[in-house]
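Here the structure is laid out as structure tokens; the discussion comes afterwards.
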Amino acid sequence: MIKELALIIVSVVFVNNFVLSKFLGLCPFLGVSQKTSSAMGMGVAVTFVMTLSSAITWIVYNFILLPGDANIVAKVFPSIRELGLIEVLKTISYILVIATLVQLVEMMLRKMVPTLYESLGIYLPLITTNCAVLGVALLNTTDSPSHLGFLHATVQGFGAGIGFTVAMLLMSGIRERLALVNIPQPLRGIPIAFICTGLMALAFFGFSGMVQ
Amino acid sequence: MAEQSNLKEFTKGIVQYNPLFVMVLGLCPSLAVTTSVKNGVAMGGAATFVLVCSNFIISSVRSFIPREIRIPCFIVIIAAFVTMVELLMKAYLPPELNASLGIFIPLIVVNCIIMYRAESFAYKNKPLASILDGAGLGLGWTLSLCLVSIIREALGAGTIFGLKVSESYQPASVMIMAPGAFIVLGLLLGFFNWWKLRKSETSMKAHMKHD
């Protein structure tokens, strides 16, 4: 059991890193990675939202959207028992769960860590539109045969958040040094950041094959 | 006059406000689906449909949406159209194309281009102008996806639209994988920056000669 969970974490942090091999969450990755401190704050906030939203969307998927006896809505509207709501309501219900959670995190941070709240600025409400958060919720609940259990889904969400944080921290370290280097004018800013990300992704390729 | 300004709403999205190369928005799908030209076109078409429809609906009902809760309203409208696109694509497109686009179709909900146009254009303008604006930006994004995917498919698989480019070329499959995507987009952005810089320099020189 513990071995399985450890394997999931290693898999999403290194082998299938969300930013570097699945292209999820690039906007905050490039937007907030100029300073290590704000990169760390963003990473923690995203990890928190991802873990909670993985858990809640798993519950929503299994007890509200999937057809079958476990469906709560089917107790009121029996016609849903066979069909389920999975096709039509998946995207909308997930995005609403995530938007609510982000609002919660925003209120908590403003009360508890105001300095971090200030430094994250516009990117905090933008976690809602971070595709890594919605992406992990969707990947956890795909209709594939290997349907994840509750604990596995939550751990995968947590691991994906850690993987995002690791990529952000590495990138912010590189960008803090890039700021001091003489780079050709047209490549300054986003283009050179992309090329560095490409090289990092190439380095992370070394992990592929570690976990099947 | 009015016709002219409407036409401008359409054309500005293609070069002047190109979503990918000028505003650098919608990065995740731009990198993930551009492994082949076919995927790029399908993704661009789906996003354009959502952009046009959501722009139209948002600008039609903009007087009923209170300012404080406009973002949740936008998200629900956009998510409804994304669900429609998802179902339509499942019904009418080949399954392997759907499989290769994967979760990036539902992820159109969180595509920043659509949210950005809803917030900064559709919420302030008339329905017709919003439709044209959405169509123009959608077309601009689709064209830039085509450009990225042509480069990646030609270098990484040796084909364009499934047709072989050259017999002797050995494909470098790293261009299809993640590192190639980042490097191609980085270099393309750098190229467009260089082009913009050079244009502004030459126009400045012309100005000085004139004086």
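Listed in order, the protein sequences are those of chains A and B. Here the numbering used here is used: the first residue of the first sequence is 1, the next is one more, and so on. Here the numbering used here is used: the first residue of the second sequence is 213, the next is one more, and so on. By construction, the Cβ of each residue, glycine as well, lies at the ideal position given by its N, Cα and C atoms. Bear in mind that the values here come from a model prediction, so they are computed numbers and not experimental data.
Under the three-state DSSP convention, the category residue i falls into
i	result
leucine 180 of chain A	coil
threonine 371 of chain B	strand
lysine 417 of chain B	helix
lysine 171 of chain B	This structure cannot settle anything about residue 171 of chain B, because the visible part of chain B is limited to 213 through 423.
lysine 376 of chain B	strand
glutamate 80 of chain A	Checking the sequence, you will find isoleucine at residue 80 of chain A rather than glutamate. In the structure shown, isoleucine 80 of chain A sits in a helix (DSSP, three-state: H, G or I).
valine 97 of chain A	helix
lysine 224 of chain B	coil
leucine 134 of chain A	helix
proline 191 of chain A	helix
glycine 68 of chain A	coil
isoleucine 388 of chain B	coil
tyrosine 381 of chain B	coil
isoleucine 277 of chain B	coil
serine 208 of chain A	coil
phenylalanine 233 of chain B	coil
valine 249 of chain B	helix
lysine 22 of chain A	coil
glutamine 103 of chain A	helix
asparagine 267 of chain B	helix
glutamine 34 of chain A	coil
leucine 124 of chain A	coil
glycine 187 of chain B	Outside the displayed span of chain B (213 to 423) sits residue 187 of chain B, for which this structure offers no information.
leucine 148 of chain A	coil
asparagine 218 of chain B	helix
Own chain residues within Cβ distance below 6 angstroms of residue i, not counting five before or after
i	result
methionine 213 of chain B	With a pLDDT of only 44 at methionine 213 of chain B, under the threshold of 50, the placement of this residue in the model should not be trusted; the figure read from the coordinates follows. Within the same chain, methionine 213 of chain B has no close Cβ partners at all.
leucine 148 of chain A	Asn140
serine 272 of chain B	Pro339
threonine 57 of chain A	Tyr94, Val97 and Ala137
phenylalanine 150 of chain A	Trp58
Test item: CB-CB of residue i and residue j under 9 angstroms
i	j	result
lysine 250 of chain B	leucine 309 of chain B	yes
valine 19 of chain A	phenylalanine 164 of chain A	yes
valine 377 of chain B	alanine 393 of chain B	no
methionine 171 of chain A	phenylalanine 29 of chain A	yes
serine 54 of chain A	alanine 137 of chain A	yes
threonine 128 of chain A	cysteine 27 of chain A	no
isoleucine 195 of chain A	glycine 398 of chain B	yes
proline 114 of chain A	tryptophan 406 of chain B	no
isoleucine 320 of chain B	valine 297 of chain B	yes
valine 386 of chain B	serine 242 of chain B	no
valine 264 of chain B	glycine 352 of chain B	no
isoleucine 325 of chain B	glycine 257 of chain B	no
proline 184 of chain A	glycine 402 of chain B	yes
serine 38 of chain A	valine 46 of chain A	no
isoleucine 174 of chain A	methionine 200 of chain A	yes
alanine 418 of chain B	phenylalanine 316 of chain B	no
isoleucine 269 of chain B	leucine 355 of chain B	no
glycine 41 of chain A	leucine 116 of chain A	yes
tyrosine 328 of chain B	isoleucine 277 of chain B	no
leucine 169 of chain A	threonine 36 of chain A	yes
leucine 400 of chain B	phenylalanine 233 of chain B	yes
Sequence-distant residues of its chain with Cβ nearer than 7 angstroms to residue i (five each side left out)
i	result
glycine 159 of chain A	Ile8, Ile9, Val12 and Val13
methionine 235 of chain B	Tyr229
asparagine 218 of chain B	Leu340, Ala341 and Leu344
proline 318 of chain B	Val294 and Glu298
arginine 364 of chain B	Thr246, Thr247, Met387, Ile388, Gly392, Ala393 and Val396
Residues near residue i in its chain [Cβ-Cβ closer than 8 angstroms; skip 5 each side]
i	result
valine 44 of chain A	Thr165
Interface partners of residue i on chain E, CB under 8 angstroms
i	result
threonine 57 of chain A	Absence of chain E from the displayed structure is noted, the protein chains being A and B.
- What residues in the stretch 393-405 of chain B have a beta carbon less than 9 angstroms from any beta carbon of chain A? Ala393, Phe394, Ile395, Val396, Leu397, Gly398, Leu399, Leu400, Leu401, Gly402, Phe403, Phe404 and Asn405
- Task: Any chance you could list the alpha helix (DSSP H) runs of at least 4 consecutive residues sitting entirely within the stretch 288-347 of chain B, in chain order?
- Result: 307-313 and 324-329
- Task: Taking only beta carbons into account, state which residues of the stretch 285-302 of chain B come closer than 8 angstroms to chain A, listed in chain order.
- Result: Ile287, Val288, Ala291, Ala292, Val294, Thr295, Glu298 and Leu299
- Message: Give me the subset of the stretch 181-193 of chain A whose CB atoms are less than 9 angstroms from a CB atom of chain B, sorted by chain position.
- Response: Pro184, Gln185, Pro186, Leu187, Arg188, Gly189, Ile190, Pro191, Ile192 and Ala193
- Message: Counting only Cβ-Cβ distances shorter than 8 angstroms, please list the residues of the stretch 20-36 of chain A near chain B, keeping chain order.
- Response: Leu20, Ser21, Lys22, Phe23, Leu24, Gly25, Leu26, Cys27 and Leu30
- Query: When you check each C-beta in the stretch 133-159 of chain A against every C-beta of chain B, which residues fall closer than 7 angstroms?
  - Reply: Leu134, Gly135, Leu138 and Leu139
- Message: Along the stretch 303-330 of chain B, where does the CB come closer than 7 angstroms to a CB of chain A? Name the residues.
- Response: Ile315, Pro318, Leu319, Val321, Val322, Cys324 and Met327
- Task: Using a Cβ-Cβ cut-off of less than 8 angstroms, give me the residues of the stretch 364-393 of chain B that come near chain A, in sequence order.
- Result: Val386, Met389, Ala390, Pro391, Gly392 and Ala393
- Query: Can you list, in chain order, the residues of the stretch 240-265 of chain B whose Cβ is nearer than 7 angstroms to any Cβ on chain A?
  - Reply: Cys240, Leu243 and Ala244
- Task: Identify each residue in the stretch 36-56 of chain A for which the Cβ-Cβ distance to at least one residue of chain B is less than 7 angstroms, and report them in chain order.
- Result: none
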